[in-house]
Amino acid sequence: MGGGHSHHQEPDWGAIHAQQEAEARARAAAEAARQEAERAAQAARAEAERLMREAEQARRRFEAEQAEAARRAQAAREAAERQRREREQAEQAARAAREAAEAWAREERQRAKRLAREAEEERRRQRAAEEAARQAAIAAQQEQERQQRVREEENKRLQAEREAAERAAQKAVEEARQAQAAREEAERQLRDGTRPVVVPTPEEYSAFRAKIQHTRGFFHVAVSGIAGSGKSSLVNAFRGKHNMDLDAAAVGVNETTLVVAKYSDPNPSSRFVWYDVPGAGTLKVPDWKYFNDQGLFVFDCIIVVVNNRFTATDIAILSNARRFGIPAFIVRSKADQHIRNIMKDIGYNSDDGGGNKASYFVRARDQYVAETIRSIRTNLQEANLPDQPVYLVSNVALQATVTGKTPKKMLDEVKLLTDLTGVAQRVL
């Protein structure tokens, strides 16, 4: 081939032989390994089969044990249920027995109580019968004694009636004689100008009590005096009223009261009833007839409102009140006005600024009190009447006191109310 040289190599038979031996050994090793793996697989399969057999045996034992446990649990539940039913039956039986015993005990107690009540009622009936018999015997004895007393009292009454009839006849003769003498004396006194004593008749008592609506349990107070003495304002003050209140007694410069006017006390718990009596001098009657004509003899108490000096009417009212046993109070009202007048008389002048007004008030008050007490005492002596207190009041202070207030300037307002209440308590 174109000038080149071709060389032919011989096969390496040793290498080939070695390779063949190696391949034979590999095949032998692989076969041995295969055989070993197969033996191992067979051993593993055998072990697995063994384990499966053991697992199956264990499963069967477990299922058998579970079945046994379930059987035992069911047996235990059935036994427990039997025991529960037996216990409930026992409890029901015990409860029934207890209820029966309690019912029997209640019936026995009720029967015992009923027997005890019947026995007690029987004892009471026996005692009542014995007491009735004893009372009947006592009543019979008392009836006999009463009849005896009635006979004796009837005899005494007949004797007393005979004696009373004799005394009445004698008294009638004497009264007729005295009446004739009284008429003759009254006629003589009238001829001589003397004021006679006139005693109201029972009919006049009844008529005047009805006229003023005299009510049992109440204290009826007449406020009397001469015209213009402040009676109506005093009635208003006693009732806690101002003169301008709608239900107040009418007041004015001239005498406004022409008939006896009744005024109930606004305090529902008060037992006082106030009467505004017409002032003397407004009626055409002599002063000595004023007391009887106004029916003052039926009142529980009389307040005589006076000025500095007594009038003949004041004396007549006080004298007749004493004769009839009627409590009489001498009151001089409008004290604040009188004191202001005295303050002016002793030099107080409000236009100067009212300096030292308190001092002037004290001097004027003391002078007013002293002069009034002295004048009233003299008037009582001149009228041959016993000495008695005079109450100096301010209508303003009295009204405030009645309504529960405490006035700054006071005289006898509290004492008058206290003394009136004391008399009312004794009368009622």
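full-length UniProt numbering numbers the first residue of the sequence shown as 1 and each following residue consecutively.
Think of the CB as a built atom: it goes at the ideal place given N, C-alpha and C, for glycine as much as any other residue.
By the neighbour-count criterion, in which a residue is buried when 16 or more other Cβ atoms sit within 10 angstroms of its Cβ, His220 is buried.
For Ala358, the enclosing alpha helix (DSSP H) stretches over residues Lys357 to Glu382. Nearest in C-alpha terms to Ala261, of all of Pro268, Ser270, Asn267 and Val251, is Val251. With fewer than 16 neighbouring CB atoms inside 10 Å of its own CB, Arg151 falls in the exposed class. Exclusion of the five residues before and after Val198 leaves Asn292 as the residues of its chain whose Cβ lies within less than 6 Å of its Cβ. DSSP places Ser233 inside the alpha helix (DSSP H), whose first and last residues are Lys231 to Phe238. For Ser206, there is no enclosing beta strand (DSSP E); the enclosing alpha helix (DSSP H) covers residues Pro202 to Lys211. Under the three-state reduction of DSSP output, Ala250 falls in the coil class, being neither helix nor strand. Counting every other CB atom within 10 Å of its CB across the protein chains shown gives Met52 a total below 16, marking it as exposed. Counting along the chain, the unbroken alpha helix (DSSP H) around Ser319 starts and ends at Ala312 to Phe324. In this structure, Gln294 places its C-beta atom within 8 Å of the C-beta atom of Pro278. Inclusion of Ile339 and Tyr391 in the CB contact set at 8 Å is not warranted, their separation being larger than that value.
In the DSSP assignment, Phe272 is bridged to Phe219. Unbroken alpha helix (DSSP H) stretches of 4 residues or longer found wholly inside the stretch 327–357: 335–345, given in chain order.
Under the three-state reduction of DSSP output, Val402 falls in the helix class.
In this structure, Phe272 sits near Ala424, with a CB-CB distance shorter than 8 Å. Ala358 and Val393 have their C-alpha atoms some 19 Å from each other. Counting every other CB atom within 10 Å of its CB across the protein chains shown gives Phe62 a total below 16, marking it as exposed.
The continuous beta strand (DSSP E) containing Leu392 extends over residues Val390 to Leu392. Under the 10 Å beta carbon count, Gly240 is surrounded by 16 or more other beta carbons and is classified as buried. Phe218 and Asp300 have their C-alpha atoms roughly 9 Å apart.
A straight line joining the alpha-carbon of Val427 with that of Glu163 spans about 35 Å. Cβ-Cβ separation between Val402 and Ala237: approximately 7 Å, consistent with a contact (criterion under 8 Å). Distances from the alpha-carbon of Thr313 to those of Gln57, Ala168 and Asn379 put Asn379 closest.
Here the alpha carbons of Ala383 and Ile376 stand approximately 10 Å from one another. Spanning the alpha carbons of Asn356 and Gln337 requires a straight line of approximately 19 Å.
The shortest C-alpha to C-alpha distance from His214 to any of Asp12, Gln57 and Leu296 is the one to Leu296. For Ala227, the closest alpha carbon among the candidates Thr201, Tyr290, Ala168 and Glu145 is that of Tyr290.
With fewer than 16 neighbouring CB atoms inside 10 Å of its own CB, Asp345 falls in the exposed class.
Residue pairing from DSSP places Gly225 in a beta bridge opposite Val305. In this structure, the CA atom of Ala33 is about 51 Å from the CA atom of Ala69. Going by DSSP, Lys262 is part of the beta strand (DSSP E) stretching over Ala261 to Ser264.
Contiguous alpha helix (DSSP H) elements confined to the stretch 92–143 do not occur, taking only those with 4 or more residues. Taking a C-beta distance under 8 Å as the contact criterion, Ile326 and Tyr275 do not qualify as a contact pair. Shown here for Phe324: same chain residues with a beta carbon closer than 6 Å to its own, the five before and five after excluded, namely Phe297 in chain order.
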